[in-house]
Amino acid sequence: MKGALLGCFGLAVLAAIILAIFGFSQYNGLVAADQSVQEQWGQVENVYQRRADLIPNLVATVKGAANFEQSTLTQVVEARSRVGQISAQGAQQVLNDPQKFRQFEQAQAGLSSALSRLLVVVERYPELKAVQAFRDLQVQLEGTENRIAVERRRFNETARQYNTKLKMIPTRWFNAWLGWGFAPRPYFQAQTGAETPPKVQF
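Quick note on the working numbering: the sequence shown kicks off at 379 and runs consecutively.
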């Protein structure tokens, strides 16, 4: 009888050890996936910051053109300011709060729209288009917009892998039962009308 009890106790201890190891494995997998999301988020922020850093030079160059439309410049400066306010909340706060993430995304879309309008208006100023500094900035902005699209796509792929892992059983159960606190990550979404390419001529 005593031997049977010891055997049952041994099996229970062994099962607990196996369960603990499995739980550690699930937790570590989520940590690794979450770190990948945060790393990719850093890349997204990096390319957005590159664009924000180019704008003061663009505005300064455009201001040099005679009679350039001040309202268009003001829209770009204000849109950049809104982006700065959202970014100042900190990467982690934006990444952890779907509502703040949407605000961040909308602010960036507003800046993209203001820049597109600016570049359309520039078409009316051939003397500005002839300035080498402006042409260089156009090329850099175009390259940055391409990088933004690539990094957003990569972020969505990384977030999808993390979110999928988080929803799978038994990881989902461990996260809920043990209160690990891992939450789904939001995705970048196409803006309304994104299916229609903007008519911007360089």
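For each residue, glycine too, the CB sits at the ideal point set by N, CA and C.
Ranked by Cα distance from R460, the first of Q471, F387, V472 and L489 is L489. Excluding five sequence positions before and after Y565, the CB atoms of its chain that fall closer than 7 Å to its own CB belong to N534 and A537, given in chain order.
Burial check for V472: the Cβ neighbour count within 10 Å reaches 16 or more, so the residue is buried.
By the C-beta density criterion, V391 is exposed, having fewer than 16 other C-beta atoms within 10 angstroms. Look at the beta carbons and you see the segment 496-504 not touching the segment 475-482: under three pairs across the two are nearer than 8 Å. For I526, the enclosing alpha helix (DSSP H) starts and ends at Q510 to K545. In this chain, the alpha helix (DSSP H) harbouring F479 covers P476 to V500. For A443, no alpha helix (DSSP H) segment is defined, and its DSSP state is neither H nor E. Ranked by Cα distance from N541, the options V409, F402, I395 and G388 are led by V409.
A contact is defined here as three or more CB-CB pairs under 8 Å, and the segment 416-433 fails this definition with respect to the segment 545-553. Of the residues assessed, I396 falls on the exposed side of the cut-off, its CB having fewer than 16 other CB atoms within 10 angstroms.
The C-beta separation of V440 from V455 comes to about 11 Å, leaving the pair out of contact by the 8 Å criterion. In this structure, Q448 keeps its C-beta atom at 8 Å or more from the C-beta atom of R495. In the structure shown, G557 adopts coil according to DSSP, grouped into three states.
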